[in-house]
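Sequence lines, in order, name chains A and B.
Sequential numbering from 79 applies to the first sequence in our numbering.
Sequential numbering from 36 applies to the second sequence in our numbering.
From the three backbone atoms N, C-alpha and C, an ideal C-beta is built for every residue, glycine too.
No experiment lies behind these values; they were computed from the predicted model shown.
The structure under discussion appears below in the form of structure tokens.
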Amino acid sequence: MPKDHGIGASMKRREDVRFLTGRGQYTDDVSLHGQTHAVMVRSTVAHGRIRSIDTSAAAAMPGVLAVFTGEDFKDMGGNPAGWLINSRDGTPMREPKRPVLAHGKVRHVGDAYAAVVAETYAQARDAAEQLAADTEIEELPAIVDMAAAVADSSNRVHDEIPDNLCFDWGWIEDNRAKVDEVFKSAPHVTTLELVNNRLIPNAMEPRASIGEYFPGTGDYRLTTTSQNPHLHRLLIAAFVMGIPENKLTVVAPDVGGGFGSKIYHYGEEAVVLAAAKKLGRPVRWTAERSESFISDAHGRDHVTKIELACEKDGTFLAFRTATLANVGAYLSNFSTATPTFLHGTLMAGPYKVPNIYVNVKTVFTNTVPVDAYRGAGRPEATFSLERIIDKMCRELNLDPFEVRRKNFITPDMFPYTTPVGLAYDTGNYGATLDKAMEIGDVAGFEKRRAESAKKGRLRGMGLSTWIEACGIAPSHLVGVLGSRVGLYDAATVRVNATGNISVMTGAHSHGQSHETVFAQIVAEKLGVPESAVEIVHGDTSKIPFGMGSYGSRSLAVCGVAVTKAIDKIVAKGKKIAAHMLEAAEEDISFADGKFSVAGTDKAKTFGEIAFSAYVPHNYPLETLEPGLEETAFYDPANFTFPAGAYICEVEVDPETGKVDICSFACADDFGNIMNPMVVDGQVHGGVGQGIGQALLENTSYDENGQLLTGSYMDYAMPRASDVPFYTVDYSCQTPCTHNPLGVKGCGEAGAIGSPPAVVNAVIDALHRGGLTHVKHIDMPVSPSRVWSAING
Amino acid sequence: MTKVTMTVNGKAVSGEVEGRTLLVQFLREGLGLTGTHVGCDTSQCGACVVHVDGKAVKSCTVFALDVEGASVRTIEGMANADGSLGTLQQAFQDHHGLQCGFCTPGMVMTSAALLAENPKPTEAEVRDYLEGNICRCTGYHNIVKAVLAASGQDVSAVAAE
Chain A
79 MPKDHGIGAS MKRREDVRFL TGRGQYTDDV SLHGQTHAVM VRSTVAHGRI RSIDTSAAAA
139 MPGVLAVFTG EDFKDMGGNP AGWLINSRDG TPMREPKRPV LAHGKVRHVG DAYAAVVAET
199 YAQARDAAEQ LAADTEIEEL PAIVDMAAAV ADSSNRVHDE IPDNLCFDWG WIEDNRAKVD
259 EVFKSAPHVT TLELVNNRLI PNAMEPRASI GEYFPGTGDY RLTTTSQNPH LHRLLIAAFV
319 MGIPENKLTV VAPDVGGGFG SKIYHYGEEA VVLAAAKKLG RPVRWTAERS ESFISDAHGR
379 DHVTKIELAC EKDGTFLAFR TATLANVGAY LSNFSTATPT FLHGTLMAGP YKVPNIYVNV
439 KTVFTNTVPV DAYRGAGRPE ATFSLERIID KMCRELNLDP FEVRRKNFIT PDMFPYTTPV
499 GLAYDTGNYG ATLDKAMEIG DVAGFEKRRA ESAKKGRLRG MGLSTWIEAC GIAPSHLVGV
559 LGSRVGLYDA ATVRVNATGN ISVMTGAHSH GQSHETVFAQ IVAEKLGVPE SAVEIVHGDT
619 SKIPFGMGSY GSRSLAVCGV AVTKAIDKIV AKGKKIAAHM LEAAEEDISF ADGKFSVAGT
679 DKAKTFGEIA FSAYVPHNYP LETLEPGLEE TAFYDPANFT FPAGAYICEV EVDPETGKVD
739 ICSFACADDF GNIMNPMVVD GQVHGGVGQG IGQALLENTS YDENGQLLTG SYMDYAMPRA
799 SDVPFYTVDY SCQTPCTHNP LGVKGCGEAG AIGSPPAVVN AVIDALHRGG LTHVKHIDMP
859 VSPSRVWSAI NG
Chain B
36 MTKVTMTVNG KAVSGEVEGR TLLVQFLREG LGLTGTHVGC DTSQCGACVV HVDGKAVKSC
96 TVFALDVEGA SVRTIEGMAN ADGSLGTLQQ AFQDHHGLQC GFCTPGMVMT SAALLAENPK
156 PTEAEVRDYL EGNICRCTGY HNIVKAVLAA SGQDVSAVAA E
């Protein structure tokens, strides 16, 4: 009988009731007395020099209250990069300033260079169009292609950066010579050039921000679509606007998905705050979807050459990669970490490969900034590895299942330090592979293939075995790697006098189900019903300083902070109970919501202890403070390392090149599971996005830097009919060894593991159909690309 | 400004609107019914779906004045009379058919229209009918399952349960 509450139960989500009845409160749902409306004026050219902006006509239009240009913000700070990466020669990365509004030059289509605030949205929009007409921008040649960008020093995204290179990073540089040696003498070398396609995150709620200023106190409040309100506050206060951190409150209410894109601070947030102060009225801005496409940070966009050196039996000897990674026009907050420490450090996969060298050149172009998107670097690493392993297996006529198994790090080898700097704590990759083969019914494939063949379809099966480093992250380690922030998280557990509990978390839920799952953990640990536990998140005036939710870290970092705070509550409760029960503290035990004296029937309930803490009439006041509230900050000792094996089956129509996903089986190891229903949902969503990347989603810029896929008419989001029911299993559990919950994180898994499984399945289908000349097809594996590959 | 009158969730309402005011703007800004969401500007995402005289309509594609006199139903009108979740809403909760909740109102309204037309749809029919509703969180698995369950069909055989 499965548990019906507490840790491990598939409890229904409490947040659902408000979302299902229309009572969610997203930023754009907030309406304030006296509010005004801001509209951004965005560049329609990819690269240009601003010659003049005449604001007079726009400012005189009906309802217009203020007009801002880059000139108004030029003395403010820039939106900073969160990670300092050094090039191979030791020089620091180039960090051009990213202003609130573009000043001097515009650097991508969508780069905001002015803003209009008016009484109504329509008035602001009308005036923004006028302002655009009154702006003279000298168009410059657009820099779009990365290879051309680094080759041509005459055309520069940033005038002070001659080769458009942000950095040239080697990981690990000391490995380089040895790796080169191994390749020279290797019995077999496989080479693959591939593209990890640029994606647009497309959280369904467009970004929105509301600025308020309170002249009586000098306080600002920003209501915004954020995955990490404290990080936003820190960036805006300390780096961009230069206002005291304690005079700014950032509130992220219900947020409609993030997937990375709402980690970052964007200029619109500073605009609405500055405008609110100037006007003395609330200023709101909500992105239209068209703006989201050209202003939300994009993801991926790597061009990689990967080489694999191996024995003739498929034993790996070395990997060597050279990648061009697009950062777009400006650095975003995590954009230098994504292609480096979230990518290069994962190039060992789950394999015992002795020699690895990774080179990443990160390039400025006249495109939207690129930053972390669900998986962030790890999908790029996994795709490169899993594609080249499959290619090698075909070249050497080896079984892709057995080759992976042969090269797995085995359970007896943990802790295992890879040649790219990570120390995996635990795992059992053979077990997840076995489980995937079982739930994916590999044994029955041949029969299904024969059925497909009768219909004229080519059926293929693709495998991907993946690992990620998540639960970001140990501060001491990320500090060494270049992070400019710590990556702990925090929680406050406040037991109220009446015995119910408020838990304030640094993590923010924008779909992840914290309000339900964190309450399950608290209920389990304190022996109280979930209904007595309230989870508070998303408001810097209420919550402790935490770093927010991304990198599959909510549970593995903030969830552990919650348990650490509960441990402190229990420890204090024991002291109170010892006093009330006239027993020694060490004789008090706590279980099932009761503090008991060992060997007696004397006990106090959790509620009685809480009441005593707040009404301390019989209380050890001389040695113990009243009240029952504890905060814990938790900085993990290591990353967590979820891993798994995914098997995808496809049918390819050789006449049209169309690919249909027939089945998708996921066998994952997430360590211990808090709520299976929620974990299922996280895997489904990640796999859905991975299938989107593999088959559908393409961010296409033309040579002028115009985004050709700037709406849902052009950018193919996965629809319900594009995906199957998924088969999900996480029964292979090797609990994380360094956090007390034994959890690893599951949010990004699906997006990391699935794209290579899909592409490997397509190539498999073509080869089984005799089309062995097709070695690789870049994502998205669209009908036209498949057809061209078949017929090319 | 022109006066518009309609019935929304069973209540007679009226308001002053411009010719260009969209139904979704009237619902959200005029009536404060913010459960209906705007997720795009090209009528693709479906977050704004409401029922107009029983038919699923993208309220970002209709002028408020065009539905003069009509009966409109929004997500706020989908619960049972006692305030408990309606069958379809309950199925979405039971089967974890939502995560961030932003596309959810449109998903529920579109699915309700489907079940009104086709009380026992197949999986393929559900997926096809939801063509105009985009979700980025769920991979659709649990949405499709919830709709099938709400139609009274046994979903225990669906994978991952």
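Check	Outcome
Interfacial residues, the segment 143–175 of chain B to chain A, with Cβ spacing under 8 Å	143, 158, 159, 161, 162, 163, 165, 166, 168, 169, 170, 171, 172, 173, 174 and 175
Span of the beta strand (DSSP E) around residue 442/A	433–442
Three CB pairs or more closer than 8 Å across the segment 362–378 of chain A and the segment 165–180 of chain B	no
Alpha carbon of residue 365/A to alpha carbon of residue 330/A, nearest angstrom	16 Å
Short CB-CB distance (under 8 Å) between residue 195/B and chain A	In this predicted model, residue 195/B has a pLDDT of only 47, less than 50, meaning its place in the structure is not dependable; the value taken from the coordinates is given anyway. Closer than 8 Å: yes.
Endpoints, beta strand (DSSP E) assigned at residue 740/A	737–747
Residue-chain proximity (residue 177/B, chain A), Cβ-Cβ < 8 Å	yes
Buried or exposed by the 16-neighbour rule on C-beta atoms within 10 Å, applied to residue 195/B	The pLDDT assigned to residue 195/B is 47, lower than 50, so where the model puts this residue is not dependable; a value taken from the coordinates is nonetheless given after this. Residue 195/B comes out buried.
Proximity of residue 728/A and residue 538/A at Cβ, strictly below 8 Å	yes
Residues near residue 216/A by beta carbon distance below 7 Å, same chain, minus five either side	126, 127 and 129
Beta-carbon proximity of residue 308/A to residue 624/A, cut-off 8 Å	yes
At least three beta-carbon pairs within less than 8 Å, the segment 385–394 of chain A to the segment 164–171 of chain A	no
N- and C-terminal bounds of the alpha helix (DSSP H) containing residue 150/B	139–152
Cβ shell of residue 401/A (< 6 Å), same chain only, five flanking positions each side left out	380, 382 and 438
Range covered by the alpha helix (DSSP H) that runs through residue 529/A	523–532
Reference residue 55/A; option with closest CA among 466/A, 504/A, 866/A and 494/A	The requested residue 55/A does not occur in the structure, where chain A is confined to residues 79 to 870.
Burial state of residue 190/B, where buried means 16 or more other Cβ atoms lie within 10 Å	buried
Three CB pairs or more closer than 8 Å across the segment 791–807 of chain A and the segment 135–148 of chain A	no
Chain-ordered chain B contacts of residue 99/A [CB-CB under 8 Å]	70, 110, 111, 113, 114, 120 and 124
DSSP bridge partner residues for residue 274/A (one or two, in chain order)	380/A
Span separating the alpha-carbon of residue 291/A from that of residue 147/A	20 Å
Assigned exposure category for residue 103/A - 16 Cβ within 10 Å defines buried	exposed
Closest by C-alpha distance to residue 631/A, when choosing among 305/A, 703/A, 697/A and 581/A	305/A
Chain-ordered neighbours of residue 96/B on chain A, where CB pairs are closer than 9 Å	Near residue 96/B there are no residues of chain A at all, since even the closest Cβ is about 13 Å away, more than 9 Å.
Neighbour-count burial assignment, residue 695/A, 16 or more Cβ in a 10 Å radius	exposed
Expected contact under 8 Å - CB spacing of residue 349/A and residue 178/A to nearest Å	6 Å
Contacts of residue 738/A in chain B (Cβ-Cβ under 8 Å)	Under the 8 Å cutoff, chain B gives no residues; its nearest Cβ is about 12 Å from residue 738/A.
Buried/exposed call for residue 882/A, threshold 16 Cβ in 10 Å	The requested residue 882/A is not part of the displayed model; chain A covers only 79 to 870.
Residue-level contact to chain B via CB, residue 762/A, 8 Å cutoff	yes
Within 8 Å, strictly: CB atoms of residue 822/A and residue 748/A	yes
Among 758/A, 570/A, 247/A and 653/A, the one whose alpha carbon lies nearest that of residue 169/A	247/A
Delimiting residues of the alpha helix (DSSP H) encompassing residue 126/B	122–129
Closer than 9 Å at the beta carbon, the chain B residues around residue 366/A	73, 75 and 76
Chain-order list of residues whose beta-carbon lies under 6 Å from that of residue 328/A (same chain, five-residue window excluded)	300, 307, 310, 311 and 618
Any chain B beta carbon closer than 8 Å to residue 646/A	no
Contact with chain A by residue 136/B, beta-carbon distance below 8 Å	yes
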